[in-house]
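**Q** In order, the protein sequences belong to chains A and B. 47 is the number that this note's numbering gives to position 47 of the first sequence; each next residue is one higher, with no gaps. Position in the second sequence counted from 1, then plus 59, gives you this note's numbering.
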Amino acid sequence: MDWLKIGSALFLGAMLVYLFPRMRQAVKHAPKGSNKDWLNFAMIIAVVALFVLLLISMV
Amino acid sequence: MNQYPNAVTSIPSSALATNKLIRNTYMLLSMTLLFSAAAAAVGVFMHVSQGVALISNIAAIALLWFVLPRTANSATGIPVLFGITGLFGLGLGPILNFYLSVNPSIVMTAMGGTGAIFLGLSAYALTTRKDFSFLAGFLMVGMFVVLGAALLNIFFAIPALFLAVNVAVIMIMSGFILFQTSAIINGGETNYIMATAGLFLSILNLFTALLQLLGAFSGDD
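(1) Compare the Cα-Cα distances from Val228(B) to each of Gly201(B), Ile117(B), Asn156(B) and report the closest residue.
(2) Mapping the DSSP letters down to three states, classify Thr168(B) as helix, strand or coil.
(3) Out of Ala119(B), Phe235(B), Tyr158(B), state which residue places its alpha-carbon closest to the alpha-carbon of Val139(B).
(4) Can you tell which of Ile165(B), Leu194(B), Ile231(B) has its C-alpha closest to the C-alpha of Leu206(B)?
(5) Which residues in the same chain have their Cβ closer than 6 Å to the Cβ of Phe191(B), if we skip the five residues on either side of it in sequence?
(6) What is the C-beta distance between Leu127(B) and Ile143(B), in whole angstroms, given that I count them as a contact (C-beta under 8 Å)?
(7) What do you get for Met60(B), buried or exposed, if any count of 16 or more other CB atoms within 10 angstroms of its CB means buried?
(8) Buried or exposed: Phe147(B), going by 16 or more other Cβ atoms within 10 Å of its Cβ?
(9) Using the beta-carbon of each residue, which ones in chain A are nearer than 7 Å to Ser192(B)?
(10) Can the beta-carbon of Ser8(A) be found less than 8 Å from the beta-carbon of Leu151(B)?
(11) Classify Met58(A) as buried or exposed, calling it buried when 16 or more other Cβ atoms lie within 10 Å of its own Cβ.
(12) Using beta-carbon positions only, say whether Ala209(B) and Leu12(A) come within less than 8 Å of one another.
(13) Would you kindly report the start and end of the unbroken alpha helix (DSSP H) that includes Ile213(B)?
(14) Enumerate in chain order the residues of its own chain whose CB-to-CB distance from Leu123(B) is below 7 Å, with the five nearest sequence positions on each side excluded.
(15) Report buried or exposed for Ile252(B), applying the criterion of at least 16 other Cβ atoms within 10 angstroms of its Cβ.
(16) In its own chain, which residues sit with a C-beta less than 7 Å from the C-beta of Gly145(B), not counting the 5 before and 5 after it?
(17) Using beta carbons (cut-off 8 Å, strictly below), is Leu55(A) in contact with chain B?
(18) Under a CB-based cut-off of 8 Å, is Leu220(B) close to chain A?
(19) When the Cα of Ala219(B) is compared with those of Ala275(B), Asn132(B), Thr84(B), which residue comes out closest?
(20) Given a limit of 9 Å on CB to CB distance, which residues of the stretch 11 to 22 of chain A reach chain B?
(21) Consider the Cβ of Val200(B): report whether some Cβ of chain A lies at a distance smaller than 8 Å.
(22) By how many angstroms is the C-alpha of Val226(B) removed from the C-alpha of Leu161(B)?
(23) So, does the CB of Lys36(A) fall closer than 8 Å to a CB anywhere in chain B?
(24) Contact between the stretch 76 to 85 of chain B and the stretch 244 to 251 of chain B is defined here as three or more beta-carbon pairs at a separation below 8 Å; is this criterion met?
(25) Can you give me the Cβ contacts of Asn250(B) inside the same chain, cut-off strictly under 7 Å, excluding the 5 residues immediately before and after it?
(26) With respect to the alpha helix (DSSP H) encompassing Met230(B), which residues constitute its N-terminal and C-terminal limits?
(27) Below 7 Å on C-beta distance, what does Leu4(A) contact in chain B?
(28) Would you say Phe104(B) faces chain A, with C-beta separation under 8 Å as the test?
(29) Roughly how far, in whole angstroms, is the beta-carbon of Phe177(B) from the beta-carbon of Ile262(B), given that I think they are within contact range, below 8 Å?
(30) Contact criterion: CB-CB distance below 8 Å. Does Gly196(B) meet it with respect to chain C?
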């Protein structure tokens, strides 16, 4: 295994360590969305996904 | 005789502050994107190695985590932000070089696609003024899972996992753009330097993931 893979793994590992407490805090304190909010978000993401599929078909 | 003597001053000061924040954020974002693109061009022409790109990305993350939060409330925050975006731009050198040598149209499509997704999502959040703060937990968990999967894939190199990670990054970064734009509008973010840093990172990750996804499906690599 080359040092580039080890360096990348350490980099991602450090990001996970840094992110973990922030993730716990966000999960605990973030306001809860209603079903309507989540449906709205899902629809937006579906439009993004369709656009990405369109881009894939173009290349 | 003027019937509406207080018409101009009746605009709430919070709305003026929000408009100023939005204007400053988008102005700084456009400048940092141009600077980052220039740094990426330097990286491409100098054929920056993957090792240099990794060091450049680590330095950018270190500045983002440890220096920017301490300088964001002063004028020093702006050169720090340009430093971060320049280092991230330089870090794009190897991946851009690879896809430019394989099929340059992929890079152009990814750039256009990223721009269209960002503008569309920002316009949606700005015009509807919906509050997307409920996404915070979901996006952070998603980011954590994606980073974990990317870490595993360094060792296992599973093509399907590589594709899944890139698809997930596109979805999560789209969510972050909505979340960050809504935070600017609804008072969750009041510092334009931090707001710019957040949006820049979302755009950068969106572009990189889209580039890799288009590259994987183009059949050229």
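Just so it is clear, CB atoms sit at the ideal spot from N, CA and C, and this is done for glycine as well. Quick caveat, the model's predicted, so the values are computed rather than measured.
**A** For this structure:
(1) Gly201(B)
(2) helix
(3) Ala119(B)
(4) Ile231(B)
(5) Leu237, Phe238, Ser241
(6) 7 Å
(7) Residue placement at Met60(B) cannot be trusted, given a pLDDT of 45 that sits under 50; the coordinates are not used to answer.
(8) buried
(9) Ala30, Pro31
(10) no
(11) exposed
(12) yes
(13) 195 to 215
(14) Ile143, Ala256
(15) buried
(16) Phe94, Ser95, Ala98
(17) yes
(18) no
(19) Ala275(B)
(20) Phe11, Leu12, Gly13, Ala14, Met15, Leu16, Tyr18, Leu19, Phe20, Arg22
(21) yes
(22) Residue identity differs from the one stated: residue 161(B) is Val in this sequence, not Leu. Going from the Cα of Val161(B) to the Cα of Val226(B) covers about 21 Å.
(23) no
(24) yes
(25) Ala131, Asn132
(26) 218 to 245
(27) Gln109, Gly110, Leu113
(28) no
(29) 6 Å
(30) Here chain C cannot be found, since the structure's protein chains are A and B.
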